[in-house]
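2 protein chains.
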Amino acid sequence: MKIEPWDEVSEGAPDTRRIFTVRSDVVRSRATGREHTVDRLLAPDWVNVVAITDQHEMLFVRQWRFGARTFTLEVPAGLIEPGEEPLAAGQRELLEETGYAGPDARVIGTVLPNPAFMDNKTTTIYCPRVTCVAEQQLDPMEELQVVKIPVERVERTLKEGGELATALGMVALMWWQMAR
Amino acid sequence: MKIEPWDEVSEGAPDTRRIFTVRSDVVRSRATGREHTVDRLLAPDWVNVVAITDQHEMLFVRQWRFGARTFTLEVPAGLIEPGEEPLAAGQRELLEETGYAGPDARVIGTVLPNPAFMDNKTTTIYCPRVTCVAEQQLDPMEELQVVKIPVERVERTLKEGGELATALGMVALMWWQMAR
């Protein structure tokens, strides 16, 4: 089957919430000429961080997640501010959420979080040899516990199921495995 | 820092779209007693499928994605219908999107797609030794091209960047790597 991009026909009214904007737009197939309404979630780009200490531990944050109503263990992560580079955003989020920083941060991968309805990207930063240099600096809604897991135990912990099984956290681990 | 679940205070009005419902609810911290409004996206559970042919090729579908406005190469995927088991849903989606089926499908992992604001799960099914048994059966909005990539080339293709870099597709590959 030959596939083509779809054309944009019209934009719905934006419903702007705190962390995203919802909009249902009309698009048209070049193959059939038919129009369909598609739901979109517009959001800023995100960044997440694989940070490893000199003791070969990976840093995670444990927090209550409002969508899934459960605790998760995820790599430090957050929004990229307007005009901010992903690398700087990752280092900022790492410092705010954990108090850790390191000398050699670099970008190791970029992924579409959910191309079916989201327009944004998530970039993964790798920070080796991080050390604790400051206190956590959290937003009013953030209650985060820093958890260190020995690198050689991360995959086993993930396989055992539970709090590590979040999509963007797993993507960060996969970029890290491929970058090693 | 000690962390606790947050209590639910009140539900906002649901804004129901075609593929999800948006709702902004009020929650309260047990640590501070403060209330915050949180945006939620309520959606059915999803399933995706790692399917491999007798010729050691992995099946992907190439399609125009309305959220990211780009083509992606993703493993076959879709919604789990009410009352449907993930394993059955995965086999159904594989058959509809590609026309392929196999004798030994099994569940290899479950992940939270976005626990920050989504309430659903995605389960990954592994189907070895699939063969083409039918024509594609697509929904009116689906225009999909089936793409077969030799298994040994999948990771290299992903590293090269581009259409394979979608979060839930990468999660499916990671469950598959860990299940081998």
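Just so you know, the sequences run in chain order R and X. Quick note on this note's numbering: the first sequence kicks off at 841 and runs consecutively. Quick note on this note's numbering: the second sequence kicks off at 841 and runs consecutively. Ideal Cβ placement from N, Cα and C applies to all residues, glycine included.
Fill in: Under 8 Å by beta carbon: chain R residues contacting methionine 898(X)
Here the question's residue 898(X) lines up with position 58 in the second sequence. What methionine 898(X) touches in chain R: nothing, since even the nearest Cβ is about 15 Å away.
Discussion item. Going by C-alpha to C-alpha distance, which of Glu897(R), Glu982(R), Glu925(R) sits closest to glutamate 992(R)?
Written reply: Start at 1 with the first residue of the first sequence, and residue 992(R) comes out as number 152. For the residues Glu897(R), Glu982(R), Glu925(R), the minimum Cα distance to glutamate 992(R) belongs to Glu897(R).
Practice prompt. Quick one: residues in its chain with C-beta nearer than 6 Å to the C-beta of glycine 918(X), no 5 flanking neighbours on either side, listed in chain order?
Written response: Reading the second sequence from its first residue, position 78 is the one you call residue 918(X). The residues are Glu933.
Discussion item. Valine 994(R) and glutamate 937(R) - do their beta-carbons sit closer together than 7 Å?
Written reply: For this step, residue 937(R) is matched to residue 97 along the first sequence. For this step, residue 994(R) is matched to residue 154 along the first sequence. No, the Cβ-Cβ distance between glutamate 937(R) and valine 994(R) is not below 7 Å.
Fill in: Residue burial classification, threonine 963(R) (beta-carbon count within 10 angstroms, cutoff 16)
Here residue 963(R) corresponds to residue number 123 of the first sequence, with the count starting at 1. Buried.
Discussion item. With a threshold of 7 Å between beta carbons, is aspartate 879(R) in contact with chain X?
Written reply: Here residue 879(R) refers to the residue found at position 39 of the first sequence. Yes, its Cβ sits closer than 7 Å to a Cβ of chain X.
Worksheet item: Does any CB atom of chain X fall closer than 7 Å to the CB of glutamate 1000(R)?
Response: Mapped onto the first sequence, residue 1000(R) falls at position 160. With 7 Å as the cut-off, glutamate 1000(R) does not count as an interface residue toward chain X.
Practice prompt. Taking glycine 852(R) as the reference, give the member of Val866(R), Lys842(R), Arg858(R), Gly907(R) with the closest Cα.
Written response: Looking up residue 852(R) in the first sequence gives position 12. Closest option to glycine 852(R), Cα to Cα, is Val866(R).
Worksheet item: When you compare each of Glu983(R), Pro922(R), Gln1017(R), Ala956(R) to threonine 872(X) by their alpha carbons, which one comes out closest?
Response: Position 32 of the second sequence, counted from the start, is the residue given in the question as residue 872(X). Just measuring C-alpha positions, the residue of Glu983(R), Pro922(R), Gln1017(R), Ala956(R) sitting nearest threonine 872(X) is Glu983(R).
Worksheet item: Which residue spans inside the region 886-916 of chain X form an unbroken beta strand (DSSP E) run of at least 3?
Response: Listed in chain order, they are 886-893, 897-905, 910-914.
Worksheet entry | Start and end residues, alpha helix (DSSP H) containing valine 862(R) | Counted from its first residue, the first sequence places residue 862(R) at position 22. First-last for valine 862(R): 861-868, but that is the beta strand (DSSP E), not the alpha helix (DSSP H).
Worksheet item: In its own chain, which residues sit with a C-beta less than 6 Å from the C-beta of aspartate 855(R), not counting the 5 before and 5 after it?
Response: Counting from one through the first sequence, the residue named residue 855(R) turns up at place 15. Within the same chain, Val862 come within 6 Å of aspartate 855(R) by CB-CB distance, once the 5 residues on both sides are set aside.
Worksheet item: Do you know offhand how far threonine 971(X)'s Cα is from valine 947(R)'s?
Response: Within the second sequence, residue 971(X) is the residue found at index 131, counting from 1. Within the first sequence, residue 947(R) is the residue found at index 107, counting from 1. Approximately 39 Å between the Cα atoms of the pair.
Worksheet item: Quick one, are the C-beta atoms of alanine 891(R) and tyrosine 940(R) less than 7 Å apart?
Response: Working through the first sequence from its first residue, we reach residue 891(R) at position 51. Working through the first sequence from its first residue, we reach residue 940(R) at position 100. Their beta carbons are under 7 Å apart, which means alanine 891(R) touches tyrosine 940(R) by this criterion.
Worksheet item: Could you give the distance in angstroms between the alpha-carbon of alanine 945(R) and the alpha-carbon of proline 916(R)?
Response: Numbered from its first residue, the first sequence carries residue 945(R) at position 105. Numbered from its first residue, the first sequence carries residue 916(R) at position 76. Answer to the nearest angstrom: the Cα atoms are 14 Å apart.
Discussion item. Give me the residue from Asp885(X), Ala1012(X), Arg868(X) with the minimum Cα distance to glutamate 921(X).
Written reply: Position 81 of the second sequence, counting from 1, holds the residue named residue 921(X). For the residues Asp885(X), Ala1012(X), Arg868(X), the minimum Cα distance to glutamate 921(X) belongs to Asp885(X).
Discussion item. Between the alpha carbons of valine 889(R) and glycine 949(R), how many angstroms are there, rounded?
Written reply: Position 49 of the first sequence, counted from the first residue, corresponds to residue 889(R). Position 109 of the first sequence, counted from the first residue, corresponds to residue 949(R). If I take the Cα positions, the gap works out to 11 Å.
Worksheet item: What are the start and end residues of each continuous beta strand (DSSP E) run of 3 or more residues lying completely inside the region 933-1020 of chain R, in chain order?
Response: Fully enclosed beta strand (DSSP E) runs of 3 or longer: 946-951, 962-972, 985-990.
Practice prompt. Under 8 Å between beta-carbons, which chain X residues line up against aspartate 855(R)? List them in chain order, please.
Written response: For this step, residue 855(R) is matched to residue 15 along the first sequence. Near aspartate 855(R) (Cβ distances below 8 Å), the residues of chain X are Asp855, Val862.
Practice prompt. Taking only the alpha-carbon atoms, compute the straight-line gap between valine 986(R) and aspartate 894(X) and give it to the nearest angstrom.
Written response: Residue 986(R) sits at position 146 when you count from the first residue of the first sequence. Residue 894(X) sits at position 54 when you count from the first residue of the second sequence. Looking at the two C-alpha atoms, the distance is approximately 45 Å.
Worksheet item: Taking just the CA atoms, how far does asparagine 960(X) sit from proline 926(X)?
Response: Indexing the second sequence from 1 puts residue 926(X) at position 86. Indexing the second sequence from 1 puts residue 960(X) at position 120. Straight-line Cα distance between these residues: approximately 13 Å.
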